[in-house]
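J.:
Residue numbers (our numbering): 386 to 1268.
1. What is the DSSP secondary structure of residue 395, counted as helix, strand or coil?
2. Kindly indicate the opening and closing residues of the beta strand (DSSP E) around residue 1163.
3. I need the DSSP call for residue 639, collapsed to helix, strand or coil.
4. Measure the alpha-carbon distance for residue 964 versus residue 1106 and round it to whole angstroms.
5. Could you work out which residue in 889, 470, 750, 466 is closest to residue 458 when comparing CA atoms only?
6. By the three-class DSSP mapping on this structure, what secondary structure does residue 1135 have?
7. Looking at the strands, I want to know which residues DSSP matches up with residue 1099.
8. Using only alpha-carbon positions, find the residue among 1062, 1057, 688 that is nearest to residue 1133.
9. In angstroms with no decimal places, state the Cα-to-Cα distance between residue 390 and residue 625.
10. How is the beta strand (DSSP E) around residue 825 delimited, first residue to last?
11. Would you give the residue range spanned by the beta strand (DSSP E) that residue 1049 belongs to?
12. Please state whether DSSP places residue 624 in a helix, a strand or coil.
13. Check for me: the beta strand (DSSP E) holding residue 1081 runs from which residue to which?
14. Secondary structure at residue 1061, three-state DSSP: helix, strand or coil?
15. Any idea what DSSP makes of residue 866, helix, strand or coil?
16. Helix, strand or coil for residue 801 per DSSP?
17. Please state whether DSSP places residue 964 in a helix, a strand or coil.
18. How about residue 471: is its C-beta nearer than 8 Å to some C-beta of chain B?
19. So residue 1164 and residue 1128 are in contact, right, with Cβ under 8 Å, and what is the actual spacing, rounded?
20. Taking the C-alpha atoms as reference points, what is the distance between residue 813 and residue 820?
21. Could you have a look at residue 773 and say whether DSSP puts it in helix, strand or coil?
22. In this structure, how does DSSP classify residue 952 when only helix, strand and coil are distinguished?
23. Can you list, in chain order, the residues of its chain with a C-beta nearer than 6 Å to that of residue 666? Leave out the 5 residues immediately preceding and following it.
24. Give the secondary structure of residue 578 by DSSP, where H, G and I count as helix, E and B as strand, and everything else as coil.
25. Going by DSSP in three states, residue 498 sits in which element: helix, strand or coil?
26. Please determine if the stretch 557 to 573 and the stretch 531 to 538 are in contact, where contact requires at least 3 C-beta pairs separated by less than 8 Å.
27. Cβ of residue 952 within 8 Å of Cβ of residue 936?
28. Which residue comes first and which comes last in the alpha helix (DSSP H) that contains residue 1221?
29. Please identify the residue among 415, 544, 593 whose C-alpha is closest to the C-alpha of residue 1240.
30. Between residue 387 and residue 418, how many whole angstroms is the CB-CB distance? I'm expecting something under 8 Å.
31. Can you tell which of 423, 944, 1150 has its C-alpha closest to the C-alpha of residue 392?
32. What's the gap between the Cα of residue 577 and the Cα of residue 1070?
33. Hey, out of 664, 797, 657, 717, whose CA is closest to residue 760's CA?
34. For residue 528, count neighbouring C-beta atoms within 10 Å of its own C-beta (all shown protein chains included) and say buried if the count is 16 or more, exposed if not.
35. Helix or strand or just coil, what does DSSP make of residue 940?
36. Which two residues bound the contiguous alpha helix (DSSP H) that contains residue 435?
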């Protein structure tokens, strides 16, 4: 019966195997082998309790069985019971097994709990017993990236040592057709073609690649399938499940498919096929996401896909591969189409405003948490009194592991009640954990990749200090390409300063949180079409070089988006099956705003300068800003001291031009020339903040008397401005204005705060109309409780109100004014429908180019001849030309 059970198990007939083995147990209840085999069956079915029960019985019958202890180590690891895992590891090593694989197994468990040096000792022992133990050699290299005590040089040497230990003669095939402009066969090898960093990071690209240029052959090493798998399969010319193929069979399969380029997405991860890669089963071998933590050390790799943040200038010598630096991120992240909505819950309000303390969080693999990192995080927590740290992951289900974390933090004065450690959960619950985190701290020296992207789409800032290798710079490239380069800190001191800046203004942090998902999803990090075009170009460029019989070389993208190899004097002229200039790209290149002049902006409270996107806005060279900041709310005002486009007025504010009194409040954000209401009339959370500390005289400036103000395109008023006085004494300045933006507080905190009705009456008399609300903030009436699931926030607390010229005035706008308003709505408010209408009233062809460039209409599937586009490269897409 034991043999029958094994046979059914080998055929993955688990129910039949279980039935046969249970019958055998009834006949022979003292047979440990039967319980061991049952353990294998239950483990394969992921029946945790049954697995452990069977293995407990097996061990009781035969405590000296190496096989039983080994499976128990796997089973209890999956159950996150690390105290038992380590006891079984000790018991296994006490038996002194001969096989190298057991020493490698024990090494992985020590690595899981952060005992990196001891893990390496076991890996080396595995290699001493079997010099061909591939897993141990790869684990040495991978594990070194987690250890802050290991240098980049040591890691590089270990990568080269892997190649020396496993020499394989490369026998690259010749392509069936060495034609540079034909459709390319691209193979991808991975065990991650599902909801895994590989699947999620390549999906936006492969969904958007032009099928006429590239066809994909997927070689899957894992049978797991989900909604990501199904979408990847839609893009496949061939989908091959090769998990059980031998190395020779896999090599033969790939060669039979006659690929042009093979992309490895496993690296040195468990189950990799690097010895097949080393044989060079395709003319060109490329390393991309998936075990991409550094150089692979294998000479068979021709190229490695990266970017300028992951591999800054000067690191090329640390890679055996030639670096292809893509112009944005080296991967593309996006919430996949058809993903269950519950997996990505809505962004909630800032937890600190509810809790009364800041919560830092890190939801990365706990293996990335080390003692040196905890010391730095403790220092950050000490600088933010009362702050909490929330860590989540499988290892935190083990009390011994948790004790080690708490003890280390306690060494630096962090009380246990400030540390929240939680075990793993399903992904939808995992994502909801971000509802309780204000700021995410990236691990070091091994950074967070997919976890960083998930934090960003949940509105949580990620602060990172880059590590010394590719693995240490994942978060740096993701937050940079998402539009937040200021969150990349080159030292612990600068990271702590950045933390203090963020927590010093919780209202601003809450505003960042509300806007972040939209900004991230609109950024290059999540632009699948843009990434696909760059990937297509890079693969075409390296193929053309191969066809020219030139050795591989590093590849960069120029500022104009062209591919240029190191050592070449000119960019590559790409040759595709159809010209590379797609209708969308052509429209992007043709479209040019051609603004007649800069937009003039007056900001009553430096709101625009405090926005996290101000640097990018100023790079457009399209705005001239006069900003008032009487309360000193602007952080680092010296940033703008040399700017020709920003005039900062720190000791005055807009009003009627007469002296006024500034009520300086305990919360500087509530200081105003409007008198605060009595505390008993305010919501409980704001009563302390409006306490008046001092009354100070301050000058006011009337809009109508602002010197040198020939025109005013955009006026920004905050909810604490004396809007009535500003507007009454600004009627002449505003007569040709294009946009008035006013913040309205629907729960008043100060006397004479403007109401929506009052503003509506004034703007209606002056030729404006209500357009829409923007940046709305809501509050909940539910109590502050951790067990609430997506608590409803039903009450509108505040919002920006946008007023545009009424229909009569809109009809009289000049072409220059229409262009300005269109540009303002598109650039700042992501408004596309009205932008199109305004453009169409100026130039119908330009408006159609705008629709196509924005991806708002179906792209024509036609062949665009490059030589027919004489001025396609005259200007960069979106360049601003002032007449």
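Even glycine gets a Cβ: it sits at the ideal position worked out from N, Cα and C.
T.: Taking the definition as stated:
1. As a working note, residue 395 is residue 10 in the chain shown. Annotated three-state conformation of residue 395 is helix, per DSSP.
2. The residue you call residue 1163 lines up with position 778 of the chain shown. Residues 1153 to 1164.
3. Locating residue 639 in the chain shown gives position 254, where the first residue counts as 1. Helix.
4. The residue given as residue 964 occupies position 579 in the chain shown. The residue given as residue 1106 occupies position 721 in the chain shown. In this predicted model, residue 964 has a pLDDT of only 49, less than 50, meaning its place in the structure is not dependable; the value taken from the coordinates is given anyway. Going by the C-alpha atoms only, they are around 56 Å apart.
5. Position 73 of the chain shown, counted from the start, is the residue given in the question as residue 458. Answer by Cα proximity: 470.
6. Walking along the chain shown from the start, residue 1135 turns up at place 750. Residue state, collapsed to three classes: strand.
7. Numbered from its first residue, the chain shown carries residue 1099 at position 714. Note: residue 1099 sits in a beta bridge opposite 986, 1124.
8. Indexing the chain shown from 1 puts residue 1133 at position 748. That would be 1062, whose Cα lies nearest to the Cα of residue 1133.
9. Within the chain shown, the letter at position 5 stands for residue 390. Within the chain shown, the letter at position 240 stands for residue 625. C-alpha separation (whole angstroms): 29 Å.
10. As a position in the chain shown, residue 825 is number 440, starting the count at 1. Going by DSSP, residue 825 is part of the beta strand (DSSP E) stretching over 824 to 826.
11. Position 664 of the chain shown, counted from the first residue, corresponds to residue 1049. Run containing residue 1049: 1045 to 1050, per the beta strand (DSSP E) assignment.
12. In the chain shown, residue 624 corresponds to position 239, counting from 1. For residue 624, the three-state secondary structure derived from DSSP is strand.
13. Against the chain shown, residue 1081 aligns to sequence position 696. From DSSP, the beta strand (DSSP E) with residue 1081 extends over 1077 to 1086.
14. What you label residue 1061 is simply residue 676 of the chain shown in a count that begins at 1. Residue state, collapsed to three classes: strand.
15. Sequence index remark: in the chain shown, residue 866 carries index 481 (1-based). Residue state, collapsed to three classes: helix.
16. The residue labelled residue 801 in the question sits at position 416 within the chain shown. Assigned with DSSP and collapsed to three states, residue 801 falls in helix.
17. Taking the first residue of the chain shown as 1, we reach residue 964 at position 579. Since pLDDT at residue 964 reaches only 49, below the 50 mark, its modelled position is unreliable, and no value is offered.
18. Although the question refers to chain B, the structure presented lacks it and comprises just one protein chain.
19. Numbered from its first residue, the chain shown carries residue 1164 at position 779. Numbered from its first residue, the chain shown carries residue 1128 at position 743. That pair is no contact at about 16 Å.
20. Indexing the chain shown from 1 puts residue 813 at position 428. Indexing the chain shown from 1 puts residue 820 at position 435. A direct Cα-Cα distance of roughly 12 Å separates residue 813 from residue 820.
21. Within the chain shown, residue 773 is the residue found at index 388, counting from 1. DSSP, reduced to helix, strand and coil, places residue 773 within a strand of the structure shown.
22. Position 567 of the chain shown, counted from the first residue, corresponds to residue 952. The DSSP-derived three-state label of residue 952 is coil.
23. Indexing the chain shown from 1 puts residue 666 at position 281. Taken in chain order, the residues that qualify are 636, 639, 640.
24. By 1-based counting over the chain shown, the position of residue 578 is 193. DSSP places residue 578 in coil when its eight states are reduced to three.
25. Taking the chain shown and counting its residues from 1, one reaches residue 498 at position 113. Here residue 498 sits in coil by DSSP.
26. Taking a contact to require three or more Cβ pairs closer than 8 Å, the stretch 557 to 573 and the stretch 531 to 538 do not qualify as touching.
27. As a working note, residue 952 is residue 567 in the chain shown. As a working note, residue 936 is residue 551 in the chain shown. Their beta carbons are not under 8 Å apart, which means residue 952 does not touch residue 936 by this criterion.
28. Position 836 of the chain shown holds residue 1221. First-last of the alpha helix (DSSP H) with residue 1221: 1218 to 1227.
29. Translated into the one-based positions of the chain shown, residue 1240 becomes position 855. For residue 1240, the closest of 415, 544, 593 by C-alpha to C-alpha distance is 593.
30. As a working mapping, residue 387 is identified with position 2 in the chain shown. As a working mapping, residue 418 is identified with position 33 in the chain shown. Their Cβ separation, rounded to whole angstroms, is 6 Å, which keeps residue 387 and residue 418 in contact under 8 Å.
31. The residue given as residue 392 occupies position 7 in the chain shown. It is 423 whose Cα lies nearest to the Cα of residue 392.
32. For the purposes of this step, residue 577 is taken as residue 192 along the chain shown, with counting starting at 1. For the purposes of this step, residue 1070 is taken as residue 685 along the chain shown, with counting starting at 1. Roughly 47 Å separates the two Cα atoms.
33. In the chain shown, counting from the first residue as 1, residue 760 sits at position 375. Selected option, being the one with the closest Cα: 797.
34. Walking along the chain shown from the start, residue 528 turns up at place 143. Its Cβ being crowded by 16 or more others within 10 Å, residue 528 is buried.
35. Here the question's residue 940 lines up with position 555 in the chain shown. Residue state for residue 940 is assigned as strand, using DSSP reduced to three classes.
36. Locating residue 435 in the chain shown gives position 50, counting from the first residue. Counted as a single uninterrupted DSSP element, the alpha helix (DSSP H) harbouring residue 435 occupies residues 433 to 446.
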